[in-house]
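Residue numbers (the working numbering), protein chains in the order written: chain A, 1 to 366; chain B, 367 to 732.
Backbone N, C-alpha and C fix where the C-beta goes; we use that ideal spot for every residue, glycine too.
To keep things clear, I will list the structure first and then write my remarks on it.
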């Protein structure tokens with residue numbers, strides 16, 4: 001484990017290795033003197049051996065199954081155009097949509113299609129709206145790397161929020177490639193917000209979303225500031241794609257550990273590149289961690305210990321706190337990217353959304 | 367990547383692989399149908415290949431150096447008795463204590479030794495106590511796996527807190543093996559708390575500590591409840607050894623990634639075993655994550671993305687929230703176990719302690 005620079009110390013210590021106690025003392029001296037020793041060949045790098053991970057034992061059976069699932073198949077596809085993405089998105093949506101009716105039934109939520117100032121959206125309403133939420137509305141931006149989850153496939157998170165939070169949700173079916181490119185998704189979110197501001201005070205509204213949706217709600221905060229619109233009463237960003245330039249330490253540490261995104265060079269990166277359409281990836285409207293978050297409303301962030309975007313979640317948390325914003329962070333045991341919107345019967349999913357609902361309740365006007 | 371169960375789908379798809387678009391559509395179908403495919407030989411496990419980690423680029427140079435340091439030498443020693451630990455602890459302390467005078471000078475803090483109802487302690491006082499903190503006192507429990515950092519070697523965190531927080535700290539030099547074993551450290555903390563309650567209201571006090579100290583402050587909360595003592599106004603637990611039974615997913619995912627603790631089977635586990643001295647490791651007074659946290663005061667938790675105890679930090683956060691306790695979580699980019707008490711010139715260290723100081727300020731009486 002130790003290399004040549006400690007050879008002298010080793011040699012010196014070898015002369016006194018007579019008793020356990022002396023040997024341990026010597027080891028300790030080596031230990032604390034040992035910052036010059038080289039564990040890895042080049043400075044600042046660390047060689048991590050291959051490992052076999054078990055699904056954690058300290059989560060619900062439902063979550064254990066999700067965490068223990070194999071890597072997402074075809075995580076390393078790299079469609080290069082909106083046209084190449086479309087069949088991928090359509091096939092994924094066709095599979096995912098099958099789970100929606102069960103969710104609606106279990107969570108007692110109904111969905112209707114609408115159009116708001118030309119933008120496609122869904123009105124997602126729980127059977128019972130909590131009395132305190134009667135004058136509140138949430139705007140949902142779905143995830144999917146800016147290219148996936150068209151139509152009803154974008155609804156699960158909106159259904160979870162409406163059902164667990166007993167609150168009305170408008171889920172924006174924003175335009176995606178090949179229909180439109182950056183900043184179309186953001187523009188559609190802002191169009192819906194502006195329309196809703198005509199009837200609902202900003203302080204009674206919140207934005208929420210996960211992954212690309214988590215980035216979009218932060219981008220909408222930045223854009224609202226730029227446009228001089230009032231801020232919503234709160235924001236909830238789940239495992240946001242807050243930095244599409246691949247900066248973030250868990251892009252390394254959780255690579256091949258997160259069974260959803262798997263790698264910083266996987267399908268999701270390919271989706272963001274197509275959406276950006278040549279635009280600077282470091283623009284805060286694509287990588288909101290680089291935005292100025294002064295004046296943001298209270299914001300709650302959600303991630304998991306196996307999340308490839310854990311760094312990009314906690315970096316936004318720090319950025320908000322540094323800007324003096326009230327910001328809460330929740331990180332869930334074992335969860336990889338967006339695992340909390342998979343199974344509405346997992347108690348951890350309920351916990352995530354009840355935490356967000358409680359946060360909204362503390363910060364939204366009635 | 368895919369095994370026999372998907373062979374049919376593969377074969378079907380192979381027949382239509384004429385154009386890129388069709389191929390991608392087919393890949394997507396495989397992808398979303400593919401949860402039955404086996405990435406790894408046994409169900410629920412994930413094979414993670416070896417990797418080389420670079421120190422993250424998005425932290426301060428000081429923190430980058432700490433994260434980029436090689437694995438702690440001799441992380442895999444396993445002293446079996448208090449007597450075997452003593453020379454290890456003494457050698458480590460001798461090295462660490464050299465950094466203390468510089469910290470005291472830079473942070474404008476002074477230290478005096480004392481004894482409180484028979485327990486050794488240090489009074490750690492900043493040159494300037496903030497006016498709002500004049501009637502407030504903090505109890506510090508140092509880290510070191512219940513066996514390391516005797517005497518002044520336990521002081522850095524107390525100095526950081528006093529200096530960055532402008533508040534008076536009593537740092538408990540609790541008994542450690544071979545002088546005494548479980549529950550001696552906890553008892554010493556409680557003795558000091560009881561003594562301080564004679565002159566200072568509980569609501570004006572907080573407990574804080576990191577690693578074993580993070581566990582001890584949670585254990586003190588549980589013990590205070592058991593004894594019918596009033597709760598302190600707040601608690602700050604940094605990367606707590608909240609579960610010494612090795613449950614926690616980041617024991618796997620951050621093994622060999624955290625350059626301080628390195629492994630769940632390393633020196634720190636050996637230290638906890640010696641302190642426990644045969645006592646049940648799952649007792650909440652050794653593994654506080656299993657304790658009943660109803661009635662706890664507001665608690666702030668600190669960890670980092672490379673922390674071996676990230677899971678054991680976030681699990682305590684969830685446990686507190688489930689018990690209805692106001693609890694804040696801060697997770698820092700790239701940090702391994704307790705990296706924030708290494709270098710007082712790192713801006714991230716200041717940030718950690720200013721966050722804790724702010725949390726205390728919001729929750730302690732004046």
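- Contact between residue 304(A) and residue 336(A) holds, since their C-beta atoms are separated by about 6 Å, short of 8 Å.
- Each of 200(A), 53(A) and 44(A) was checked against the Cα of residue 615(B), and the nearest Cα belongs to 53(A).
- Residue 255(A) holds the alpha-carbon nearest to the alpha-carbon of residue 310(A) among 255(A), 299(A), 284(A) and 292(A).
- Residue contact check for residue 515(B) against chain A: no CB pair falls below 8 Å.
- The beta-bridge partner set that DSSP reports for residue 299(A) consists of 235(A) and 327(A).
- In the DSSP assignment, residue 506(B) forms a beta bridge with 537(B) and 574(B).
- For residue 618(B), the closest Cβ of chain A is nearer than 8 Å.
- Bounds of the beta strand (DSSP E) holding residue 122(A) are 119-126.
- Between the alpha carbons of residue 267(A) and residue 160(A) lies a distance of about 25 Å.
- The beta carbon of residue 716(B) sits closer than 6 Å to the beta carbons of 530 from its chain, once the five residues preceding and following it are set aside; these are given in chain order.
- Boundaries of the alpha helix (DSSP H) around residue 686(B): 676-688.
- Looking at the DSSP output, residue 99(A) shares a beta bridge with no other residue.
- Per DSSP, residue 77(A) lies in no beta strand (DSSP E) and is assigned neither H nor E.
- By alpha-carbon distance to residue 278(A), the top candidate from 242(A), 196(A), 183(A) and 198(A) is 183(A).
- Looking at the backbone, the Cα of residue 520(B) and that of residue 719(B) are separated by about 17 Å.
- Counting the other Cβ atoms within 10 Å of the Cβ of residue 730(B) gives 16 or more, which makes it buried.
- Nearest to residue 574(B) by alpha-carbon distance, out of 679(B), 425(B) and 667(B), is 667(B).
- About 6 Å separates the Cβ atoms of residue 217(A) and residue 141(A), confirming a contact at the 8 Å cut-off.
- For residue 479(B), the uninterrupted beta strand (DSSP E) segment begins and ends at 475-482.
- Listed in chain order, the non-local C-beta contacts of residue 659(B) below 7 Å within the same chain comprise 685, 686, 689 and 691, local neighbours out to five positions each way being set aside.
- Interface criterion met: the Cβ of residue 57(A) is under 8 Å from a Cβ in chain B.
- Annotation: residue 518(B) is outside any alpha helix (DSSP H) and is labelled neither H nor E by DSSP.
- In the structure shown, residue 545(B) adopts coil according to DSSP, grouped into three states.
- The C-beta distance from residue 576(B) to residue 523(B) rounds to 6 Å, short enough to fall under 8 Å.
- Interface criterion met: the Cβ of residue 305(A) is under 8 Å from a Cβ in chain B.
- With respect to the 8 Å criterion, residue 188(A) and residue 111(A) are not classified as neighbours on the basis of their beta carbons.
- Between residue 283(A) and residue 225(A), the alpha-carbon positions lie close to 15 Å from each other.
- Contact between residue 642(B) and residue 652(B) holds: CB atoms are separated by about 6 Å, below the 8 Å threshold.
- Of 313(A), 191(A) and 128(A), the smallest CA-CA separation from residue 240(A) is found for 313(A).
- Chain order gives the chain A residues near residue 676(B) as 305, where near means a beta carbon separation below 7 Å.
- Counting of Cβ neighbours within 10 angstroms places residue 438(B) among the buried residues, the total reaching 16 or more.
- Counted as a single uninterrupted DSSP element, the beta strand (DSSP E) harbouring residue 419(B) occupies residues 417-420.
- Within the DSSP bridge table, the entry for residue 47(A) names 418(B) as partners.
- The three-state reading of DSSP puts residue 434(B) in coil, since its state is none of H, G, I, E or B.
- Taking 8 Å as the CB threshold, residue 577(B) stays off the interface with chain A.
- The Cβ-Cβ distance between residue 681(B) and residue 243(A) does not fall below 8 Å.
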